[in-house]
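To convert, count from 1 in the sequence shown and add 838; that's this note's numbering.
Have a look at the structure below before the remarks.
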Amino acid sequence: MGAFKYDKDILACDGVPLDQIAARVGTPFYAYSRLRIESSLAEVQRALSGIDHLICYSLKANSNPGLLRLLAAKHCGADVVSGGELEMALRVGIPPDRIVFAGVGKTDAEIEAAVRAGVLSINVESAEELRIVDSIARRMKSTARVSVRVNPVVDVNTHPYIATGLKESKFGIPIHRAFEAFELAASLGGLETVGVHCHIGSMILETEPYVEALQSPSGLVGRLAKTGLKLRHV
839 MGAFKYDKDI LACDGVPLDQ IAARVGTPFY AYSRLRIESS LAEVQRALSG
889 IDHLICYSLK ANSNPGLLRL LAAKHCGADV VSGGELEMAL RVGIPPDRIV
939 FAGVGKTDAE IEAAVRAGVL SINVESAEEL RIVDSIARRM KSTARVSVRV
989 NPVVDVNTHP YIATGLKESK FGIPIHRAFE AFELAASLGG LETVGVHCHI
1039 GSMILETEPY VEALQSPSGL VGRLAKTGLK LRHV
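Right, dumping it as structure tokens:
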């Protein structure tokens, strides 16, 4: 599968000797395996085959423009958490309708940029943020597409500093208060409520927590549909 291998004591990436790259660009430098990236992406795509989905790469993991252009060419979207990441995603050719703006502590300027660009969704963390996004969108005479981030209260086997779906986690709206948050979002004239969002943490090596995390939002989606609010994205 390419990647990094030794060939006669010379380390190569995808068959390209790294000493040749060093001679050309100097050191230190970063080298990424295009074959490994494409293979991993294809594996995820196969797993989601038959399901209407969009893979949004998180720029906070690595915002190297070359990597992002490769993913954009493969029809991936972007998950951004700052105005700078939003600008980078747009610069490399990721369409705004494939960009989700997540993250806490968004500034007014960042929200304005997301509304102006017309991103797929601004993932909102609280009722207060819903009102802020609504106010900014109406001031801009526009409509902001939003998803409400809920906290599903799922314990995971990972480091406590990167577990974000616990009862005591500061992120998102507690699942028992989520319905009223969606009611608020639907009542605000500057918002179009398009989805529900949750995040339970990082470095999770088991599938069970993801299954559990989907159960609460799934029930919420059905309950909202009965009121006439049909979400497009989970």
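Cβ atoms here follow ideal geometry from the backbone N, Cα and C, with glycine treated the same way.
Bear in mind the structure is a predicted one, so any value in this text is a computation, not a measurement.
- The three-state secondary structure of ARG862, taken from DSSP, is helix.
- According to DSSP, GLU1046 shares a beta bridge with no other residue.
- When the beta-carbon positions are compared, GLY1028 and ASP972 come within less than 7 Å of each other.
- Taken through DSSP and simplified to helix, strand or coil, PHE867 comes out as coil.
- Within the stretch 907-933, the complete beta strand (DSSP E) runs of at least 3 residues fall at 915-918.
- DSSP, read as helix, strand or coil, puts ARG1070 in coil.
- Listed in chain order, the non-local C-beta contacts of VAL953 below 7 Å within the same chain comprise ILE974, ALA975, MET978, SER980, ALA982, local neighbours out to five positions each way being set aside.
- Here SER959 is buried, its C-beta having at least 16 other C-beta atoms within 10 Å.
- Here VAL986 is bridged, per DSSP, to VAL962, VAL1034.
- Taking a cut-off of 8 Å on C-beta distances, the stretch 1047-1054 does not touch the stretch 894-914, as fewer than three cross pairs fall below it.
- Listed as beta-bridge partners of SER896 by DSSP are ASP917.
- When secondary structure is reduced to three states using DSSP, VAL971 falls in the helix class.
- In the same chain as GLU948, and ignoring 5 residues on each side of it, the C-beta atoms closer than 6 Å to its own belong to GLY921, in chain order.
- In terms of Cβ geometry, ALA1024 and ALA965 do not form a close pair [threshold 7 Å].
- Between ALA951 and LEU909, the C-beta gap is not smaller than 7 Å, which leaves the two residues out of contact.
- Taking a contact as a CB-CB distance under 8 Å, the pair SER1054 and PRO990 counts as one, their CB atoms being some 4 Å apart.
- Out of ILE937, LYS1064, GLN883, PHE842, the CA that lies nearest to the CA of TYR868 is found in PHE842.
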